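Peer 1:
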Amino acid sequence: MKKHNFSAGPCILPQEVLQKASEAIINFNNDNLSLIEISHRSKPFVNVMEKARSLALELLGLEGKGYQALFLQGGASTQFLMSAYNLLETKAAYLNTGTWSDKAIKEAKLFGEIVEVASSKDKNFTYIPKDYTIPSDADYFHCTSNNTIFGTQMKHFPKTNVPVVCDMSSDIFSRQLDFSKFDLIYAGAQKNMGPAGATLVVVKEETLGKVSRTIPSMLNYQVHISKDSMFNTPPVFPVYVSMLTLEWLKNLGGIAAIEKINEQKAALLYGEIDRNPLFNGVVATEDRSHMNATFTLATDELKDTFDTMWKEAGVNGLNGHRSVGGYRASMYNALPLESVQVLVDVMQQLEKRA
Ligand SMILES: *Cc1c(COP(=O)(O)O)cnc(C)c1O
């Protein structure tokens, strides 16, 4: 039986997507060739790329609104510098909500002045700063919608006249937002979309072409747009699996439908964390992530017992990030509600036993 996979990333994908993807490795499109041994310029793969790009825009409600979707390589980590390379002329504003924002800031500093508008470092990134001002002369404002490591999630985005850039790696396609408020969205595929190796970039075209520096081709969004996301050989397998996941999501009813399920999963687990005296939530209640729930045991003495119990129940990937400790239950789109129930049952059994 498949394990209940709470891994933070790479993470769980829908079983039917894995099934279709594995079939395509042997025989894609009934051509008696593998998906990964045909030309990326062949019609069947060009169709895959086109479909993946259009599904991404469709699900985000951005079709016909001046946006382009690209599937690039180098992970979200490359987007930390690529976004700045393409958009930062003199000064940019960054909200620091932890590790990923920190890394984005470090890269952006190579290209101009970075104003850190607020940081939650004072409390080890266990909350989302709320009161801050974005300089109106900034080239853009950058934020991380969901902090995968600490388990915080932005529920509100600031109103600002400057372009908004957002790292949505760990909560893209998980909840409804007005995505047209964002000028650039990027997300590594391996959290909520597909295998590692592809990064989705959604960019409003009018935001581009405004910096004076020369941008190397591979790092230039406009080059990738002009080549329909095929400037060089794209990561064909991750793009194909992402396309299958986006199809699965569309058939399910899109983001509105998955958001409801994600809310149920989060309510179930956080409800138990709050009710059960043996567990404590790590982050401020109003900033709790619906994707990554972080919690600790009230007493370390129960650690070995709890660890044995959840592993025996078929739960995988519950250990917290090495920089935080404790536990982290990642509940990405493909994780069924039943898996969360299994974890909650284990937490209740521990309480009875203790
Ligand atoms: C995982 C993650 C990243 C890093 O992604 P890579 O694809 O490994 O470069 C960046 N930002 C967030 C929010 C993440 O969760």
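Offset between the sequence shown (1-based) and the working numbering: plus 1489. Ideal Cβ placement from N, Cα and C applies to all residues, glycine included. Predicted model, so just to flag it, every value in this text is computed and none were measured.
Are there any heavy atoms of ligand 1 lying less than 8 Å away from the beta-carbon of Lys1680, as far as the coordinates show?
Peer 2: Yes - ligand 1 has a heavy atom lying nearer than 8 Å to the Cβ of Lys1680.
Peer 1: Would you be able to state if there are at least three C-beta pairs under 8 Å between the region 1592–1607 and the region 1618–1632?
Peer 2: yes
Peer 1: Excluding the five sequence neighbours on either side, which residues of its own chain have a C-beta within less than 6 Å of the C-beta of Ala1802, listed in chain order?
Peer 2: Val1831, Val1835
Peer 1: Where do the ends of the beta strand (DSSP E) carrying Tyr1848 lie?
Peer 2: Absent from the structure is residue 1848, since the part of the chain shown begins at 1490 and ends at 1843.
Peer 1: Can you tell me whether Gln1642 is helix, strand or coil according to DSSP?
Peer 2: strand
Peer 1: Is it the case that the Cβ atoms of Val1651 and Leu1551 are separated by a distance below 9 Å?
Peer 2: no
Peer 1: Could you spell out the range, first to last residue, of the alpha helix (DSSP H) harbouring Ala1510?
Peer 2: 1504–1515
Peer 1: Go ahead and label Gly1809 buried or exposed: buried means 16 or more other beta carbons lie within 10 angstroms of its beta carbon, across all protein chains shown.
Peer 2: buried
Peer 1: Taking the DSSP output, what are the residues bridged to His1493?
Peer 2: Val1804.
Peer 1: Is Ala1802 near ligand 1, in the sense that its beta carbon is under 8 Å from a heavy atom of that ligand?
Peer 2: no
Peer 1: What residues come near ligand 1, if near means a beta carbon less than 6 Å from any of its heavy atoms?
Peer 2: Gly1498, Gly1564, Ala1565, Ser1566, Trp1589, Thr1633, Thr1637, Asp1656, Ser1658, Ser1659, Gly1677, Lys1680
Peer 1: Helix, strand or coil for His1713 per DSSP?
Peer 2: helix
Peer 1: Could you name each continuous alpha helix (DSSP H) segment of 4 residues or more that falls completely within the region 1646–1718, going from the start of the chain to the end?
Peer 2: 1710–1715
Peer 1: Does the Cβ of Gly1462 have 16 or more other Cβ atoms within 10 Å, making it buried, or fewer, making it exposed?
Peer 2: Nothing about residue 1462 can be reported from this structure: the residues present for the chain run from 1490 to 1843 only.
Peer 1: For Pro1766, does the count of other Cβ atoms within 10 angstroms reach 16, so buried, or fall short, so exposed?
Peer 2: Residue burial annotation: Pro1766 is exposed, with fewer than 16 other C-beta atoms found within 10 angstroms of its C-beta.
Peer 1: What are the start and end residues of the beta strand (DSSP E) that includes Phe1768?
Peer 2: 1768–1770
Peer 1: What span of residues does the beta strand (DSSP E) with Val1606 cover, start to end?
Peer 2: For Val1606, the enclosing beta strand (DSSP E) starts and ends at 1602–1608.
Peer 1: With DSSP as the reference, please indicate the residues paired to Gln1557 in a beta bridge.
Peer 2: Paired residues: Val1692.
Peer 1: For Leu1786, name the three-state secondary structure that DSSP assigns.
Peer 2: strand
Peer 1: Could you work out which residue in Asn1518, Tyr1616, Pro1647, Phe1646 is closest to Thr1783 when comparing CA atoms only?
Peer 2: Tyr1616
Peer 1: CB-CB under 7 Å to Met1798, same chain, minus the five flanking residues each way: which ones, in chain order?
Peer 2: Val1835, Gln1838, Leu1839
Peer 1: Below 6 Å CB to CB, which residues in the same chain sit around Thr1696 once its five sequence neighbours on both sides are set aside?
Peer 2: Pro1652, Asp1672
Peer 1: By DSSP's criteria, Lys1792 is part of a beta bridge. Which residues make up the other side?
Peer 2: According to DSSP, Lys1792 bridges with nothing at all.
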